[in-house]
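Here's the structure, in structure tokens; my notes come after.
Chains as they are written, first to last, in the working numbering: chain A, 517 to 835; chain B, 76 to 388; chain C, 95 to 360.
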């Protein structure tokens, strides 16, 4: 019964995603798929930048770890063995590979979390950016990982159902975390590190945990992306990509899960409408960032969730 | 031996460049506690400003006679453009956010940086006297004066470019050191850096000090860009990204807020990059700076010349 | 000796050349209410920071329930039984009053991280228990109706009370209050002092109370320790301390040169 309740979002979500996959027009399906990946990235970055109030600029580095790990595994286990039906084999391998990618990314997150023991704010931001670039340069120098050209011929395993479920898993994890004592411990780190420490919160431990968890889901996003564009190259994971994700989180409001989700979907949609104007894409991102910071530095929703605004409005109307 | 010497020469030349850019970071961080992410892009704008000025005064034209006046004009013009840009960025993007959390300014700085980088890659607007924005493909900086070899030691050539770059850089750093420690403005700047609120109460025009600091730092970035463009004439809108980040590393390495620290940090970083790239793994060049950064921050976060600070409870 | 919940032995704090606290000794028995007083800048807060792990003492040792805690991080010290408030209120401003207290309950009440992610029953039981504890503490501190209010929106006096509720959430053996009455008027202060007395009885905690206003603590403290320039100049029963010439001098200043010479000779 309890297991059913904790799995409910997925049991409800799966058929919906499947229906969308079957009946949505291809162009819409593409946008939805990219939006889903971006939701995974934004919501997971929010665990570090929003919940714990640290500032990571290295999300793409974790995506890279996930993407490479996943691609390596699915390529190695490409052919069904032992009479397993191909659809089951490919999806099973994909699941396994994604989990491995998440695991390795999380491990990397732990390693990056370590400098955060001593650094705050802008220094931490620069160090995570540095890690991002180091990961990229290291990958470029490993021939086994395809060097600067990367890995091509990645199998097309990513479907809308996969992305939908993964995005749902990210959002549900973030939400359950936030409503738990562990989530509150993370928030206390954001609010006042000294006080949190004095109240018995292991602030370093929670920063590291937030980094690891966030990195795991970034790895998931990276793995799904690689198996959709069928190509994994170091160029997809520069800190420019990290900043794209930061823009989504900042736009939604740091700390707001629904804000990050909505911002990811909106930005993906907006970019789709601007297709063909690719050169304006980053200009738009940067303008948005500057204007947003000047006009509404807390993002669309601040640290609150969308429904809290709705509730507040109702209360006001009632009063 | 000659190879080693060559690496030293290259390292110092790249390093002084980092040092000049690092000075801008250090000064701005000193007064505002803000990593001016856009600083590397001011450097890029400096190179393009020099490029357009040089073309306007006919440096690229057939039969151009090198003249000291024209060279100085390009330098001063480009430094002026950078100073103005730095002033505008501070005035429009950072000042309105000064009382907000520091991360807000950092995000804005990233935004400005990307705006310059990608804005410069857009196709040129019609109806402008110059081809602006310059677009994504690289341009070649015209030769202000020909390269001549002045000295040769163990097959290593020291050209006038090397000597001029090093000399100019050192002169600018000394001038800055003089301004910071020997002038009234320098006292004001250090006061603002120490505590802006008290400085304001003592009658120091904090806003003006910050504006001038930005202008000064940006002008140095412009000079750095030209010194680089003379010997490496290929310029493009993304050219500021890596030197900007690395110069920041140099500033942290030397101890942020310290003028001699920025110089030493820059030169040490340039040398280590050149040595590792030359003798070990050339393709790891871009990772070295960040490895140094992480190492420094873990072992001695205040840098070589910095002072340790702790949070008061 | 074994009766002490908290003992500091010759704790010295130096910052560069400055000795902020020198050879500080204290022994706190269970349920004891001790006042730590002294003029501004006497080193009271430094003593607190050294006891609660914010600073590692330069010399000496802090022993909490038989365990030497200096060098441990503040959250570890807290887990061993010290909770504190801050002179310049450090609440989690954007969180609700309830969350502020629940965060302090975290250390004693949390399970593994994966529990909430899977939504296990153990997690729900723990959360329920934490919420009940937190609500009870808010009730005790007179904040029962304000559980959902954001901490930063509470009036100043209530913020101070919320800080005490939060400190109690950590289930300490020793409660350190750093000028809890600062900025309050006389009525509020009196109410707070009697509340502190009640808390001590109700939760059985030893209380170490910093205050620079001597009159306030006289009434409720069983013992006083007086600091001046980092040095313990007097300690004992309130009525004895009040008469101590060194204390009077530290508070009232030196009136003539002879007196200063006398005290230096002594």
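Note that beta-carbon positions come from the ideal geometry of N, C-alpha and C, so glycine has one too. Since we're looking at a predicted model, the values are computed, not measured.
Three-state secondary structure (DSSP) of residue i
i                      : result
residue 119 of chain B : helix
residue 106 of chain C : strand
residue 252 of chain B : helix
residue 125 of chain C : coil
residue 565 of chain A : helix
residue 660 of chain A : helix
residue 571 of chain A : coil
residue 89 of chain B  : helix
residue 157 of chain C : strand
residue 733 of chain A : helix
residue 227 of chain B : strand
residue 372 of chain B : helix
residue 652 of chain A : helix
residue 113 of chain B : coil
residue 118 of chain C : strand
residue 748 of chain A : strand
residue 740 of chain A : helix
residue 245 of chain B : helix
residue 284 of chain C : helix
Start-to-end residues for the alpha helix (DSSP H) that takes in residue i
i                      : result
residue 337 of chain C : 332-337
residue 347 of chain B : 334-350
residue 185 of chain B : 177-194
residue 606 of chain A : 602-629
residue 717 of chain A : Premise fails: residue 717 of chain A is in no alpha helix (DSSP H) and is neither H nor E.
residue 686 of chain A : 676-694
residue 143 of chain C : 138-146
residue 755 of chain A : 755-768
residue 521 of chain A : 518-539
residue 802 of chain A : 794-811
residue 821 of chain A : Looking at the DSSP string, residue 821 of chain A is not in any alpha helix (DSSP H), and its letter there is neither H nor E.
residue 145 of chain B : 143-164
residue 357 of chain B : Note, residue 357 of chain B: premise wrong, no alpha helix (DSSP H); not H, not E.
residue 704 of chain A : 697-707
CA-to-CA distance, residue j to residue i, given in whole angstroms
i                      : j                      : result
residue 132 of chain C : residue 337 of chain B : 45 Å
residue 152 of chain C : residue 170 of chain B : 42 Å
residue 254 of chain C : residue 281 of chain C : 15 Å
residue 357 of chain C : residue 341 of chain C : Note that residue 357 of chain C has pLDDT 46, beneath the 50 cutoff, so the model's placement of it is unreliable and the number below is only indicative. Whole-angstrom Cα-Cα distance: 11 Å.
residue 578 of chain A : residue 217 of chain C : 30 Å
residue 137 of chain C : residue 657 of chain A : 56 Å
residue 652 of chain A : residue 320 of chain B : 15 Å
residue 790 of chain A : residue 164 of chain B : 28 Å
residue 314 of chain B : residue 339 of chain B : 23 Å
residue 570 of chain A : residue 709 of chain A : 11 Å
residue 300 of chain B : residue 294 of chain B : 10 Å
residue 277 of chain C : residue 305 of chain C : 12 Å
residue 216 of chain B : residue 287 of chain B : 29 Å
residue 265 of chain C : residue 175 of chain C : 7 Å
residue 352 of chain C : residue 115 of chain C : In this prediction, residue 352 of chain C scores a pLDDT of 43, lower than 50, which makes its location untrustworthy; no coordinate-derived value is stated.
residue 167 of chain C : residue 797 of chain A : 47 Å
residue 359 of chain B : residue 305 of chain B : 26 Å
residue 205 of chain C : residue 342 of chain B : 51 Å
residue 604 of chain A : residue 736 of chain A : 20 Å
residue 118 of chain B : residue 96 of chain B  : 8 Å
residue 607 of chain A : residue 556 of chain A : 20 Å
residue 360 of chain C : residue 290 of chain C : Because residue 360 of chain C carries a pLDDT of 41, less than 50, the predicted location of this residue cannot be relied on, and the following value inherits that uncertainty. The alpha-carbon atoms of residue 360 of chain C and residue 290 of chain C are separated by roughly 37 Å.
residue 374 of chain B : residue 634 of chain A : 10 Å
Per DSSP, cross-strand counterpart(s) of residue i
i                      : result
residue 113 of chain C : C/108
residue 177 of chain C : C/269
residue 131 of chain C : C/305, C/320
residue 100 of chain C : C/122, C/158
Margin query: Could you tell me which whole beta strand (DSSP E) segments of length 3 or greater appear in the stretch 292-346 of chain C?
Written below: As far as the stretch 292-346 of chain C is concerned, its whole beta strand (DSSP E) runs of at least 3 residues are 300-305, 317-322, 325-330.
Next item on the list: Please go through the stretch 213-274 of chain C and give each complete beta strand (DSSP E) segment of 3 or more residues, from N-terminal end onward.
Entry: Runs of the beta strand (DSSP E) inside the stretch 213-274 of chain C: 268-272.
Checklist line | Start-end ranges of the alpha helix (DSSP H) lying completely within the stretch 265-332 of chain B, minimum 4 residues | finding: Secondary structure remark: continuous alpha helix (DSSP H) runs of at least 4 residues inside the stretch 265-332 of chain B, in chain order: 271-276, 281-306, 316-329.
Next item on the list: Could you run through the stretch 631-662 of chain A and flag, in chain order, every residue whose CB is less than 8 Å away from some CB of chain F?
Entry: Considering every chain present, this structure includes no chain F. Its protein chains are A, B and C.
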